[in-house]
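J.: Sharing a structure here in structure tokens format.
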Amino acid sequence: MVMQSMRSGAVGSIMKFVLFGLLMMAVLGLVFMDVNGVFGRGLSVGDSDVAKIEGHSISLQSFDRTLRRAVARVGMTPQQAYQTGYLQEVLASEVRANFVMLEADRLGLKIDKSMVAEKTAEVISPLVENGQTLQQTFEKVLAAQGMTEDMFTQGISREMIGNILADTVQKSFEGGSEQLSRDLVTFQHQTRDIELVAFMDNEITDVAAPTDEQLQRLYDVLKDSKFAIPEYRALKIGIIDGSNLKSEIAVSDDEIQKYYDDNIDAFLDPQKHVMEQAILKTLEEAEKVIKMVKDDGKSLPDAIKAMKDSDNIPLTPPVPFEIDMLPVEFKDAVTNAKDGEYIGPLQTALGYHVAHLIEVIPEHTKALKDVQDTIREDLLSIKVDDRVYELSSELDDALAGGATLDEAGKQVPLKIVDIPATSDLGQDDKGENAFLPYGDDQEKDRDTIVKTAFDLQQGEISRVIELPSGHFAAIQVASIQEKSFKPFADAKEEISAQYMADQQRAVNGKKISDDLEKLLNGKTDLEAIAKDAKKDIQQIKGITIGGVLPAPVTEGGRPVIFQTKVGGYTFIPLEGGSALVKITGYTLPEIDEASERDVLPKVLSTVEKETKDEVFAMYIESIGKKYTAMTNNNLLEKTYAPSSETESY
């Protein structure tokens, strides 16, 4: 085991840490690759499995835990994830991760437990708060993610295997092309010179006014998209209020003592070695660090700061390690070291380690007085959760008996929140957030509340549901304002203005198209067109491929300008019109000394990284072709597809 299991107390700000998302989807963004290409169709999968990859199955229970952790980070419910396709992305990521693990097994690639333990410590140590041990922080992360230790370390192992495969595949790539990087720098700094004649839509005056019949037809076309007034629903939400339960529920000293006695092994704190360490890429770098700390008297952090590229050298602050957490290469050296001694360089698969043994903490069992507050908070949280669940059943019973939310609130502690009017998008009639009265958890709960409310009839109350925030609540539709439409008479002026603008734009566009055809066929030139239209030719120089554009050129015109050859003609959109354009010149600047020094190395680094990433992505795609994956779509639909009917009272 990486760390001895010990039940911890209430979790603080670390709950918001999304470590698991980084671990489980760390194999180069696999979740963003083509989802549909992963799975076979119409094949047999076990009744309780969501997928099968070769001989390995992903059970519904296992996948559900992974899915719920993933959707919690983005404020979705599993049902919403199913509807939006996010569920399929999560499942595809799990399948591809299994592809990688199958390939690792085929290659005989295994990660030693001690290496997993060290990597775990490296990941967790930045989260250690004052007064906490590494173990306590680790357990808080597990609690925050709803994971077991094995699940967490499997994620770490999966990440390490992915990194090893990536490094191996990418080492065959020799590096970024300097010539390509130079071309990219030149490309980024190229410019275009143009001549431009602008034609604005509102300059077209010979357009006939529309008849009422034409306006009515246009109104009918635009009615649903432009003049619809959505349905609004006023809601009353009864949320079980557990804020006072802690003061009403007691945890006795006897309960604390019993828990302590029953779980005494969990409070055994094994011998720990408090160390700080750095991991260097090369032996030469590690030897430089050792020389600085031993011969020059520098601290390990100061020695790392003195190294080139110090920001990219992993440095673990002082944290306690169990001896079994350390790689085999470390154990003897650490066991034989004295307090204050520097250890290394020692090579592992992670690199060359230099460590500083600060002190050794002997094995001991934590005294009850040192952990009783943690136990009390833990037991209290369990009792509160149990009581809230009991209250949800009591609220369900009260509502089933015909009670209103206000009446049920006399039996069950409820916080009543009124939402005056909301659309199915959670907005009020001004397009603003309708859920401001709901408070801090509105972002998490809004979509679920709206979906539930819009499946109810006026006056109905939903069953008690658990919301994404963890609250239990019942939702009532207090009133409904049916969907309606802005009357034709009120919309007539707006429709008429749009009709005229559309006609002007069409006539202007036809004229520009005809003139461009003449330019391209050599039948006229820009000077003649400008003279006939009594317009000036604007000359604009130095248009760049990025950055601020000179008026009247808009972003829509930039790519057209750079895609047209020098001496060629084109047209570009303007704000309220269009323009005929001639490309008159260009510049491809030489790389100056400043760019050579500051810009080129960054571009070269980016080219190298993106090319390596592409190489590994192609490798992962090739792995997927070796193995067969099957999904149980019926089980996914049965479990996660939203019900067509909402239970209500």
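For the sequence shown, our numbering begins at -18 and goes up steadily by one.
Ideal placement from N, C-alpha and C gives every residue a C-beta, glycine not left out.
(1) Do you know offhand how far isoleucine 666's Cα is from alanine 454's?
(2) Classify valine 635 as helix, strand or coil using the three-state DSSP reduction.
(3) On the DSSP bridge list, what partners appear for leucine 327?
(4) Which residue marks the beginning of the beta strand (DSSP E) containing aspartate 639, and which one marks its end?
(5) According to the neighbour-count rule (16 or more other Cβ atoms, all chains shown, within 10 Å of its Cβ), is glutamate 194 buried or exposed?
(6) On the three-state DSSP scale, how would you describe glutamate 322?
(7) In angstroms, rounded to a whole number, what distance separates the CA positions of threonine 263 and lysine 227?
(8) Within 10 Å of its beta-carbon, does valine 309 have 16 or more other beta-carbons around it, so buried, or fewer, so exposed?
(9) Which runs of the beta strand (DSSP E), 3 residues or longer, sit entirely within the segment 570 to 614?
(10) If you draw a straight line from the alpha carbon of leucine 616 to that of glutamate 536, how long is it in whole angstroms?
(11) Please report the residue range of the beta strand (DSSP E) in which glutamate 302 lies.
(12) Return the CA-CA distance between aspartate 387 and aspartate 399, expressed in angstroms with no decimal places.
(13) Rounded to whole angstroms, what is the Cα-Cα separation between glutamine 446 and leucine 249?
(14) Roughly how many angstroms separate the alpha carbons of glycine 557 and threonine 192, rounded to a whole number?
(15) For aspartate 320, which of His334, Pro343, Pro326 and Ser158 has the nearest alpha-carbon?
(16) Determine the extent of the alpha helix (DSSP H) in which glutamine 171 is found, giving its start and end residues.
(17) Along the chain, where does the alpha helix (DSSP H) that runs through arginine 198 open and close?
(18) Starting from phenylalanine 133, trace the beta strand (DSSP E) both ways and give me its first and last residue.
(19) Assuming threonine 612 and alanine 32 form a contact by the criterion Cβ under 8 Å, report the distance between their Cβ atoms to the nearest whole angstrom.
(20) Tell me whether the beta-carbon of alanine 215 lies closer than 8 Å to the beta-carbon of serine 460.
(21) In whole angstroms, give me the CA-to-CA distance for isoleucine 237 and aspartate 354.
(22) Are the segment 36 to 56 and the segment 590 to 601 touching, with three or more C-beta to C-beta distances below 8 Å?
(23) Going by beta-carbon coordinates alone, are isoleucine 339 and methionine 288 separated by less than 8 Å?
(24) Nearest by alpha-carbon distance to valine 202: which of Met481, Ile542, Met599 and Ile476 is it?
(25) Threonine 129: beta carbon under 7 Å from a heavy atom of the ligand NAD?
(26) When you compare only the Cα positions, how much space is there between alanine 478 and glutamine 484?
(27) Please identify the residue among Phe168, Lys347, Phe80 and Ala482 whose C-alpha is closest to the C-alpha of methionine 181.
(28) Any chance you could list the alpha helix (DSSP H) runs of at least 4 consecutive residues sitting entirely within the segment 37 to 73, in chain order?
(29) By Cβ distance, which residues of its chain are closer than 7 Å to glutamate 322, with the 5 residues on each side in sequence left out?
(30) For the beta strand (DSSP E) containing alanine 190, list its first residue and its last residue.
(31) Distance check for valine 562 and isoleucine 524, CA to CA, integer angstroms please.
(32) Below 8 Å between beta carbons: does that hold for histidine 254 and proline 301?
(33) Which partner residues of serine 559 appear in the DSSP bridge assignment?
(34) Measuring straight from C-alpha to C-alpha, what distance separates leucine 507 and alanine 147?
(35) Among the residues of its own chain, which have a CB less than 8 Å from the CB of phenylalanine 597, if the five just before and after it don't count?
(36) Less than 8 Å between the CB atoms is what I'm expecting for alanine 259 and leucine 281, so what's the real figure, rounded?
T.: With the given structure in hand:
(1) The requested residue 666 does not occur in the structure, where the chain is confined to residues -18 to 630.
(2) Residue numbering for the chain in the displayed model covers -18 to 630; residue 635 lies beyond these limits and cannot be assessed.
(3) Taking the first residue of the sequence shown as position 1, residue 327 is located at position 346. Partner(s): His334.
(4) Coverage of the chain is limited to positions -18 through 630, which leaves residue 639 absent and any answer about it impossible.
(5) Working through the sequence shown from its first residue, we reach residue 194 at position 213. Burial call: exposed.
(6) Sequence index remark: in the sequence shown, residue 322 carries index 341 (1-based). Glutamate 322: coil per DSSP, three-state reduction.
(7) As a first step, residue 263 must be located in the sequence shown, where it is residue number 282. As a first step, residue 227 must be located in the sequence shown, where it is residue number 246. One C-alpha to the other measures close to 55 Å.
(8) Against the sequence shown, residue 309 aligns to sequence position 328. Per the 10 Å Cβ criterion, exposed.
(9) 610 to 612
(10) Position 635 of the sequence shown, counting from 1, holds the residue named residue 616. Position 555 of the sequence shown, counting from 1, holds the residue named residue 536. Going by the C-alpha atoms only, they are around 48 Å apart.
(11) Here residue 302 refers to the residue found at position 321 when the sequence shown is read from its first residue. A small fix is needed here, since residue 302 is phenylalanine in this sequence, not glutamate. Element bounds for phenylalanine 302: 296 to 303.
(12) Counted from its first residue, the sequence shown places residue 387 at position 406. Counted from its first residue, the sequence shown places residue 399 at position 418. Using only the alpha carbons, I get a separation of about 12 Å.
(13) On the sequence shown, position 465 is the one that residue 446 refers to. On the sequence shown, position 268 is the one that residue 249 refers to. In the sequence on display, residue 446 carries isoleucine and not glutamine. So the alpha carbons of these two residues sit roughly 40 Å apart.
(14) Counted from its first residue, the sequence shown places residue 557 at position 576. Counted from its first residue, the sequence shown places residue 192 at position 211. Taking the straight line joining both Cα atoms gives about 24 Å.
(15) By 1-based counting over the sequence shown, the position of residue 320 is 339. Closest option to aspartate 320, Cα to Cα, is Pro343.
(16) In the sequence shown, the residue the question calls residue 171 occupies position 190. First-last for glutamine 171: undefined, no H or E at that position.
(17) By one-based count along the sequence shown, residue 198 stands at place 217. Unbroken alpha helix (DSSP H) run through arginine 198: 193 to 207.
(18) Counting from one through the sequence shown, the residue named residue 133 turns up at place 152. Where phenylalanine 133 is concerned, there is no enclosing beta strand (DSSP E), although the alpha helix (DSSP H) it sits in stretches over 130 to 151.
(19) Walking along the sequence shown from the start, residue 612 turns up at place 631. Walking along the sequence shown from the start, residue 32 turns up at place 51. The Cβ separation is near 5 Å, so the contact holds.
(20) Position 234 of the sequence shown, counting from 1, holds the residue named residue 215. Position 479 of the sequence shown, counting from 1, holds the residue named residue 460. Closer than 8 Å, so yes.
(21) Looking up residue 237 in the sequence shown gives position 256. Looking up residue 354 in the sequence shown gives position 373. The alpha-carbon atoms of isoleucine 237 and aspartate 354 are separated by roughly 9 Å.
(22) no
(23) Indexing the sequence shown from 1 puts residue 339 at position 358. Indexing the sequence shown from 1 puts residue 288 at position 307. Not a contact, by the Cβ cut-off of 8 Å.
(24) Residue 202 sits at position 221 when you count from the first residue of the sequence shown. With distances taken between Cα atoms, valine 202 lies closest to Ile476.
(25) Of the ligands one can find in the structure shown there are none, so the ligand NAD has no counterpart to examine.
(26) The residue you call residue 478 lines up with position 497 of the sequence shown. The residue you call residue 484 lines up with position 503 of the sequence shown. Whole-angstrom Cα-Cα distance: 10 Å.
(27) Mapped onto the sequence shown, residue 181 falls at position 200. Ranking the options by Cα distance to methionine 181, first place goes to Ala482.
(28) 41 to 55 and 59 to 65
(29) Working through the sequence shown from its first residue, we reach residue 322 at position 341. If we look at glutamate 322 and ignore the five residues flanking it on each side, its Cβ neighbours are Leu338.
(30) Here residue 190 is taken as the residue at index 209 of the sequence shown, counted from 1. Here alanine 190 belongs to no beta strand (DSSP E), and DSSP marks it neither H nor E.
(31) Locating residue 524 in the sequence shown gives position 543, where the first residue counts as 1. Locating residue 562 in the sequence shown gives position 581, where the first residue counts as 1. Looking at the two C-alpha atoms, the distance is approximately 13 Å.
(32) What you label residue 254 is simply residue 273 of the sequence shown in a count that begins at 1. What you label residue 301 is simply residue 320 of the sequence shown in a count that begins at 1. Cβ distance < 8 Å, so histidine 254 and proline 301 count as in contact.
(33) Your numbering for residue 559 matches position 578 in the sequence shown. Serine 559 is bridged to Phe180 and Pro554.
(34) Residue mapping note: residue 507 aligns to position 526 of the sequence shown, counting from 1. Residue mapping note: residue 147 aligns to position 166 of the sequence shown, counting from 1. Distance between the alpha carbons of leucine 507 and alanine 147: 56 Å.
(35) Indexing the sequence shown from 1 puts residue 597 at position 616. The residues are Leu9, Leu146, Ala147, Val150 and Gln151.
(36) Taking the first residue of the sequence shown as position 1, residue 259 is located at position 278. Taking the first residue of the sequence shown as position 1, residue 281 is located at position 300. Right, the Cβ-Cβ distance comes to about 6 Å (below 8 Å), so this counts as a contact.
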